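Chains Z and C are the protein sequences, given in the same order.
Sequence positions in the first sequence follow our numbering and run 2 to 112.
Sequence positions in the second sequence follow our numbering and run 677 to 790.
Take a look at the structure below.
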Amino acid sequence: DQQVKQNSPSLSVQEGRISILNCDYTNSMFDYFLWYKKYPAEGPTFLISISSIKDKNEDGRFTVFLNKSAKHLSLHIVPSQPGDSAVYFCAASRRDDKIIFGKGTRLHILP
Amino acid sequence: ETGVTQTPRHLVMGMTNKKSLKCEQHLGHNAMYWYKQSAKKPLELMFVYNFKEQTENNSVPSRFSPECPNSSHLFLHLHTLQPEDSALYLCASSHGQGYNNEQFFGPGTRLTVL
């Protein structure tokens, strides 16, 4: 059973608009969450993370929101740029344990 | 070379072949990982090494055999694979094995088993 779920396989957003990628998790013991970005023919690269003691973490155009009661997190990208077109993986972990990844969401930024 | 490198980038092998995937990290990290990414599936952790010692084997079949001779190099030896083993195999490294240690990934080896 998947512990980290990204229910949207793909998402298309107009350049300049906000991209919102969603992620749900089932294990309430998770206390650290990460987003990775992957371009074709490259490995995933770390984008942003959030600890469960926070509900928001911002880094430039990227903001991650965590709703622990709903076991939901989201990644906001604003404004979206063409270089943001990639696959985005949500991941979660609990202390001293492995990271569990979701299936990924492919984001297309439209001109 | 910087970061995490993997060779070969593409590999086609028959079910009776024996081959090895190589991963090298130039980041001074102590933990290294093998992941498998199949189509439409999440990244699956296979093995973890911390300071050259295997600390995790995620119920991986014995036809996959990892080797970590030092903290900078990680191998995945393959033998008698099945077509369903065709996937992207990703290597990663991190400073430590703790959950909040950012993992740096290599570009992956695209494996096709015929």
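Using N, Cα and C, we set each Cβ at its ideal position, and we do this for glycine too.
Owing to the predicted nature of the structure, the values given are computational and were not obtained by experimental measurement.
Contact with chain C by residue i, beta-carbon distance below 9 Å
i        : result
Z:Ala71  : no
Z:Val79  : no
Z:Val5   : yes
Z:Thr46  : yes
Z:Lys99  : yes
Z:Phe63  : no
Z:Ser50  : yes
Z:Lys114 : Given that chain Z is displayed from residue 2 to residue 112, the structure contains no residue 114 of chain Z and the question cannot be resolved.
Z:Leu35  : yes
Z:Gly84  : no
Within 9 Å, strictly: CB atoms of residue i and residue j
i        : j        : result
C:Val716 : Z:Pro10  : Per the sequence presented here, residue 716 of chain C reads as Lys, with Val not at that position. Going by C-beta atoms, C:Lys716 is nearer than 9 Å to Z:Pro10.
C:Leu787 : C:Leu754 : yes
Z:Ser20  : Z:Leu35  : no
C:Ser769 : C:Gln701 : yes
Z:Leu108 : Z:Leu12  : yes
Z:Gln7   : Z:Phe90  : yes
Z:Asp56  : Z:Lys69  : yes
Z:Ala92  : Z:Val5   : yes
C:Leu703 : Z:Gly44  : no
C:Leu752 : C:Cys699 : yes
Z:Lys39  : Z:Gly105 : yes
7 Å CB neighbourhood of residue i in its chain, flanking five on each side removed
i        : result
C:Lys695 : Leu687, Met689, Leu754
C:Pro783 : Gln682, Arg685
C:Ser714 : Ala763
C:Gln773 : Ala707, Val724, Asn726, Thr731
Same chain, Cβ closer than 8 Å to residue i, neighbours up to 5 away in sequence not counted
i        : result
Z:Glu16  : Pro80, Ser81, Gln82, Pro83, Ile110, Leu111, Pro112
C:Val736 : Met722, Phe723
Z:Arg96  : Asp32, Tyr33
C:Glu759 : One point to set straight first is that residue 759 of chain C is Pro, not Glu, in the sequence displayed. Result list for C:Pro759: Met691, Val789, Leu790, in chain order.
C:Asn777 : Ala707, Ser770, His771
Own chain, CB closer than 6 Å to residue i, minus 5 neighbours either side, in chain order
i        : result
C:Asn734 : Leu721, Met722
C:Cys744 : Tyr725, Lys728, Leu750
Z:Leu67  : Ile51, Asp56, Leu74
Z:Thr46  : Lys38
Chain Z contact for residue i (CB, 9 Å cutoff)
i        : result
C:Leu719 : yes
C:Gln730 : no
C:Glu778 : yes
C:Asn734 : yes
C:Gly782 : yes
C:Cys744 : no
C:Ala763 : no
C:Lys716 : yes
C:Leu766 : yes
C:Gln682 : yes
C:Val724 : yes
With 16 other Cβ atoms within 10 Å as the buried cut-off, status of residue i
i        : result
C:Gln779 : buried
Z:Ile54  : exposed
C:Pro742 : buried
C:Ser738 : exposed
Residue i beta carbon near the ligand NAP (any heavy atom closer than 8 Å)
i      : result
Z:Asn8 : In the structure shown, the ligand NAP is absent, as is every other ligand, since no ligand is present at all.
Any 3 or more C-beta pairs closer than 8 Å across the region 26 to 36 of chain Z and the region 677 to 693 of chain C: Segments in contact, no.
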